[in-house]
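For the sequence shown, our numbering gives the first residue as 70, with consecutive numbering after it. Every residue, glycine too, gets a C-beta built ideally from N, C-alpha and C. Computed from a predicted model, the values in this text were never measured in an experiment. Structure, as structure tokens:
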Amino acid sequence: MKNIYLIIAKQIVEEAGRIIKEARETNTFSFTFKEDNSPISNFDQQIQDYMTKRLRDSFDIQVMGEENCADIDTNKPYWAIDPIDGTWSFITHENTSAINLSLIDKGEVIIGIVYNPFTNEFFHTEKGALSYIGMLTLPLRENPSVAVVNFKPEREHPIVRSLNRLFKENRVKKLVSIGGSTTYSMCMVAKGAFSNYIAHFDSSASAWDLSAACLIIKNSGGFVTDLEGKDIDPINHKGYIIASVNTTARDDFLEMITPLLNK
Numbered sequence: 070m071k072n073i074y075l076i077i078a079k080q081i082v083e084e085a086g087r088i089i090k091e092a093r094e095t096n097t098f099s100f101t102f103k104e105d106n107s108p109i110s111n112f113d114q115q116i117q118d119y120m121t122k123r124l125r126d127s128f129d130i131q132v133m134g135e136e137n138c139a140d141i142d143t144n145k146p147y148w149a150i151d152p153i154d155g156t157w158s159f160i161t162h163e164n165t166s167a168i169n170l171s172l173i174d175k176g177e178v179i180i181g182i183v184y185n186p187f188t189n190e191f192f193h194t195e196k197g198a199l200s201y202i203g204m205l206t207l208p209l210r211e212n213p214s215v216a217v218v219n220f221k222p223e224r225e226h227p228i229v230r231s232l233n234r235l236f237k238e239n240r241v242k243k244l245v246s247i248g249g250s251t252t253y254s255m256c257m258v259a260k261g262a263f264s265n266y267i268a269h270f271d272s273s274a275s276a277w278d279l280s281a282a283c284l285i286i287k288n289s290g291g292f293v294t295d296l297e298g299k300d301i302d303p304i305n306h307k308g309y310i311i312a313s314v315n316t317t318a319r320d321d322f323l324e325m326i327t328p329l330l331n332k
């Protein structure tokens, strides 16, 4: 029997994506800034409220989300929502925002969904299964080693200087920085579009930030590690994250980048 949790969760995320896409196409959204100067649109809260209600109507499971996060008992199963990951991208009419949804039980990610409604790329998986984009198994293409490295744009960050050095030395074939949603960039590694992705979290990531994408990458044969090559905690991580499409891409990239960032 198919996982009814995943089936219903996918339906909810797809409908939320339709609402977000329609708001962007009609330019009927507004935005302001939080205390940390990060943007928030009027649809962030609206989408979270919609998804929360649908999930609670469907399951007797707690729900937490990025916007006005409610207190939950993490010893019991819960859904974690990021209604619009990559809000800057959303409000500037770029196509790199995504919806994140994960089901977590006893500190373990059971279901992971990342959906970019603007490109209609629907990444999904569940514990012990393969990862998919739509109905296609991930990755879509193989990366024999470090080829295309995507990075989170950080002004004057050591990541930028280190990657530029590796590129000039011809140790990395191509550098890209698509910006927007971190989880969408991670899923592009699972897809095989990039061999690696690197970012840095100054503060601890929350359950809705990385958990869905971490499971998608893991179940596609990839890895999400720190600079030492240790698997990160997908629910609470601070510092560097390196997503890699396979073992070789992980080991080769860590061998290149770690000495430069540990100086």
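> Which stretch, first to last residue, makes up the alpha helix (DSSP H) that contains I285?
Replying inline: A276 to N288
> Exposed or buried, what is G176 when buried is set at 16 or more other beta-carbons lying within 10 Å of its beta-carbon?
Replying inline: exposed
>> Measuring only the C-alpha atoms, how far is A281 from F236?
In response: 30 Å
> In whole angstroms, what is the alpha-carbon distance linking I228 and E297?
Replying inline: 15 Å
>> Am I right that A274 and N315 are in contact with their C-beta atoms under 8 Å? What's the rounded C-beta distance?
In response: Incorrect: roughly 23 Å between the Cβ atoms, too far for contact.
>> Just to confirm my understanding: we take Y253, look at its own chain, exclude 5 residues before and 5 after, and list those with CB closer than 6 Å. What are they?
In response: T165, A167 and N185
> If you draw a straight line from the C-alpha of M70 to the C-alpha of D126, how long is it?
Replying inline: The predicted position of M70 is uncertain, since its pLDDT is 35 and thus under 50; a value taken from the coordinates is nonetheless stated next. Those two C-alpha atoms are separated by around 22 Å.
>> In this structure, how does DSSP classify P152 when only helix, strand and coil are distinguished?
In response: strand
>> On a Cα-Cα basis, can you pick out the residue from Y74, D271 and R87 that is closest to D129?
In response: Y74
> To the nearest angstrom, how far is it from the Cα of I247 to the Cα of R123?
Replying inline: 32 Å
> Taking contact to mean at least 3 C-beta pairs separated by less than 8 Å, is the segment 178 to 198 in contact with the segment 281 to 290?
Replying inline: yes
> Excluding the five sequence neighbours on either side, which residues of its own chain have a C-beta within less than 6 Å of the C-beta of A312, listed in chain order?
Replying inline: M255, V258, Y266, I286 and V293
> In chain order, what residues of the same chain have a beta carbon less than 6 Å from the beta carbon of Q117, not counting five sequence neighbours either side?
Replying inline: G134, E136, I150 and P152
> Quick one: complete beta strand (DSSP E) runs, 3+ long, within the segment 98 to 127?
Replying inline: 100 to 102 and 108 to 110
> By how many angstroms is the C-alpha of F263 removed from the C-alpha of V245?
Replying inline: 9 Å
>> One question on the structure: do S231 and L329 come within less than 8 Å of each other, judged by their Cβ atoms?
In response: yes
> Excluding five sequence neighbours on each side, which residues of the same chain lie with their C-beta closer than 7 Å to the C-beta of G291?
Replying inline: V258, A259, A312, S313, V314 and N315
> Tell me which same chain residues have a C-beta within less than 6 Å of the C-beta of L279, skipping the five on either side of it?
Replying inline: P303
> Can you name the residues that DSSP bridges to F191?
Replying inline: Y184
>> Strictly by DSSP, which residues pair up with G134?
In response: I150
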